[in-house]
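FYI, in the numbering used here the residues of the sequence shown are 1214 to 1856.
Read the structure below first, then the notes.
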Amino acid sequence: MAKAEKTETSYSASDITVLEGLDPVRKRPGMYIGSTGPAGLHHLIWEVVDNAVDEAMAGHCTRIDVTLLADGGCRVSDDGRGIPVDPHPQYKGKSAAEVVLTVLHAGGKFGGAGYKVSGGLHGVGVSVVNALSTRLTLEIDRNGDHHKLEFKDGGNVDGKLEIVGKAPRDRTGTTVTFYPDPSIFEETDFRAQTVLERLQIMAFLNRGLEIRLADERPDRQQTQAYKYNGGIVDYVKHLNAAKESLFKKVVSYEVIEETMEVEVALQWNSSYNESIYSYANGISTIEGGMHEDGFRKALTIAVNKYARAANLLKEKEENLTGEDIREGLTAIISVRLGEPQFEGQTKAKLGNVPVRSMVEKATNAKLAEWLEENPREAKQVVQKAALAARARVAARSARDLTRRKSALDGAGLPGKLVDCSGRDARLSELFIVEGNSAGGSAKDARNPVTQAILPIRGKILNVERARIDKMLKNAEVQALIAAIGAGLAEDFDLAKIRYHKIILLADADVDGSHIRTLLLTFFFRQMKPLVEAGHVYVAQPPLFSTLVGKEKAYLKDEAAKNRFLEENPNHKNDFQRLKGLGEMDFDELRDTTMEASKRSLLQINVEQAALADEVCSVLMGEDVELRRQFIQTNAKDVRFLDI
Ligand code: 0RA
């Protein structure tokens, strides 16, 4: 990042506005840093880094170094202008630097000729970090001198600002070294991964700024450097790296106005998910807000306008919806403005109304231009959205059909369902069994009062892409919906489910893994409350059996087998590998999967189901290389799907 030489808003000590002392911070730390847990602890680092980033945004800083010190402290060093060292006009006998570190809100961001835009989360400044530290050392390189000032016990100045030597040639900058106060924080151990993730995003959002982390703590040594000359374009590429992008180009534009600016980068991938990440002054706005609203609205209009003009959307055809257009979209929206208002439950929603029309106008103009200039890519975007629209319509009609069917049939249950005789849903279990033969043996081994069997044929696997409309038309899936009996999608009514345990029973092979993934995707998309309430399970039959006397013992996996051998050294090494579900005999099936006290079930949570959905959209595509990449990057999480 080049240091700006043009608009030198010269800063003197008199520009630093003075508000209040530090006592309130120690009394109510939560008010200033959110919490005294890990989030609050890391907030200390963010506060100092944000100040350095402010220097970068003002064009004066090119590099920030964060060091997690071996003695538990944290050092943040930048090559900005350095905090002013001259005497402060209002605080007689104090340097401006001392005032910045001991007075709340005295960062140079409030009033005066300071920054137009600043990041600091609550704009409270580095003094808060000082207040919550047992020790803080401030070093400033400015005017050719190396200055030092120390604080202890929550921001009490320890001596005076002194020149302790010469600054390295031409160097200016600020270094803050602090030690979080253990009497304030639940724990004071920084987590490198948390810091890395944040620093990387800061680097993405500040094109060209180099940010480094050095972890010097014993046994945790590592260094990492982030610098992105492409800024948020690189961010989008990073997010889409493990996905199949629709085309190589990343769309990007920026508009800079007097009081605010917006930067957008976006690219579509072949998945069905929308990933929009928005930021205001470098702070993640996960609840969205004005910038996202403006973007969404303009995106929908621009793409529809283009599609009509280019005759990709015929006169009689309906407009593409925003949701259709955003299918598979990865986008970063970054805005900077003077006084961001953060609203919403977690204060992560941008409330400044003028931002909406700025982003909207910028997107309208620049995206329209991009579409005009890139007709090949524009066509791909429209075609993908049109496909999404068709799938959406098909899904709706498939749902309607399913709905009508179940209305006509009354309580009509699918013919393939071998239902249980008991009527208490809380005690009832539905086994979804892959393959008819497995269904047959499960039927013999079940408890007919509480256990129902629904065989599903592998044919469902032919759905080569996990399009919900295709799944809904599938007879097997329709039987499943009818058997569960609670409708689907927005009509799904958890109170009506006919079984409190829905148990997926599929072989431990590739086909079994596919069918599990597909079914979990289906539940995730169409019966989410079922997953959320913990009604979905995967049965995990053991891999081995062995005879102990006359009794058969089951061993879950290789590890269990080894443990068993260690504990029973005299056992003759005679183990049987259990065959697929279909080939298990009556006793085996009952003891490993049907008999509640002996079996092992994995309860599926929403994160796991969401992962299945993700896996589906990538894995069911034809791109083998991409599939391999995805599995590699997500190996740990995907494994459960391959039980
Ligand atoms: C007040 C005024 C100026 C810069 C800063 C504070 C400043 C604070 C921090 C905290 C970490 N790094 C920082 N770098 C700068 C403006 C200085 C000028 O106009 O020369």
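Just so you know, even glycine gets a beta-carbon here, dropped at the ideal spot from N, CA and C.
Check, Outcome
"Under the rule that 16 or more other beta-carbon atoms within 10 Å means buried, what is F1403, buried or exposed?", "buried"
"Tell me whether A1523, by its Cβ, gets closer than 8 Å to a heavy atom of the ligand MN.", "By its list of ligands, the structure shown excludes the ligand MN, since it contains just the ligand 0RA."
"Pull up the CB-CB distance for S1346 and D1394, whole angstroms please, since I reckon it's below 8 Å.", "6 Å"
"So does the region 1684-1704 actually touch the region 1768-1780, counting three or more Cβ pairs closer than 8 Å?", "no"
"Straight-line CA distance for G1652 to L1643?", "12 Å"
"Tell me whether E1410 counts as near the ligand 0RA, meaning its Cβ is closer than 8 Å to at least one heavy atom of that ligand.", "no"
"Are T1341 and G1234 closer than 9 Å when you measure CB to CB?", "For the sequence presented, residue 1341 should be read as Val rather than Thr. Cβ distance not < 9 Å, so V1341 and G1234 don't count as in contact."
"Determine which residues share a DSSP beta bridge with W1481 and list them.", "L1542"
"What did DSSP end up calling E1582 once you bin it into helix, strand or coil?", "helix"
"If you follow the beta strand (DSSP E) that T1857 is part of, which residue opens it and which one closes it?", "The displayed coordinates of the chain run from 1214 to 1856. Any statement about residue 1857 would go beyond what the structure contains."
"Please list the segments of the alpha helix (DSSP H) lying wholly inside the region 1778-1837, counting only runs of 4 or more residues, in order along the chain.", "1799-1802 and 1819-1832"
"Candidates H1504, R1639 and A1665: which alpha carbon is nearest A1708's?", "R1639"
"Between T1387 and N1264, is the Cβ-Cβ spacing less than 9 Å?", "yes"
"Taking 8 Å as the line, does the beta carbon of K1431 fall inside it for any heavy atom of the ligand 0RA?", "Note that residue 1431 is Pro in the sequence shown here, rather than Lys. Incorrect: P1431 has no Cβ contact closer than 8 Å to the ligand 0RA."
"Just to confirm the assignment, what range does the alpha helix (DSSP H) spanning P1237 have?", "D1236 to K1240"
"Starting from K1857, trace the alpha helix (DSSP H) in both directions and tell me its first and last residue.", "This structure gives no information on residue 1857, because the portion of the chain shown stretches from 1214 to 1856."
"I think V1744 touches W1583, with their Cβ atoms under 8 Å apart; what is that distance to the nearest whole Å?", "Actually they are not in contact, since the Cβ atoms of V1744 and W1583 sit about 39 Å apart, beyond 8 Å."
"Hey, how far is the Cα of K1769 from the Cα of G1648?", "23 Å"
"Which ranges does the alpha helix (DSSP H) cover as unbroken runs of at least 4 residues, wholly within the region 1720-1749, from first to last along the chain?", "1723-1739 and 1741-1745"
"Tell me which residues share the same chain as Q1789 and place their Cβ nearer than 6 Å to its Cβ, disregarding the 5 neighbours each side in the sequence.", "S1758"
"Is A1309 near the ligand 0RA, in the sense that its beta carbon is under 8 Å from a heavy atom of that ligand?", "yes"
"Considering only their Cβ atoms, is the gap separating H1301 from E1311 smaller than 9 Å?", "yes"
"At which residues does the beta strand (DSSP E) containing N1369 begin and terminate?", "N1369 to K1379"
"For D1236 and N1565, what's the separation of their Cα atoms in angstroms?", "31 Å"
"Taking 8 Å as the cut-off, is the beta-carbon of G1368 closer than that to any non-hydrogen atom of the ligand 0RA?", "no"
"Whose CA, out of Q1437, F1417 and K1574, lies closest to the CA of H1451?", "F1417"
"How many Å lie between L1630 and E1808 at the Cα?", "20 Å"
"For G1243, I'd like the list of residues in its chain whose CB is within less than 8 Å of its CB, leaving aside the five on either flank, ordered along the chain.", "T1249 and G1253"
"Which term fits T1436, buried or exposed, when burial requires 16 or more other beta carbons within 10 angstroms of its beta carbon?", "exposed"
"At the level of alpha carbons, what is the spacing between A1604 and D1682?", "6 Å"
"Kindly indicate which residue of L1824, E1410 and Y1767 has the alpha-carbon position closest to the one of L1802.", "Y1767"
"For V1389, is the beta carbon positioned less than 8 Å from some heavy atom of the ligand 0RA?", "yes"
"Based on the DSSP output, what are the partners of E1647 in its beta bridges?", "I1669"
"Beta-carbon within less than 7 Å of F1736's beta-carbon, same chain only, minus the 5 sequence neighbours each way: which residues are those?", "L1743, V1744, V1749 and A1822"
"Give the single residue among L1351, G1306, A1599 and A1511 whose Cα lies nearest to the Cα of K1527.", "A1599"
"Of all the options S1308, P1251, K1686 and G1635, which has the alpha carbon lying nearest to the alpha carbon of K1373?", "S1308"
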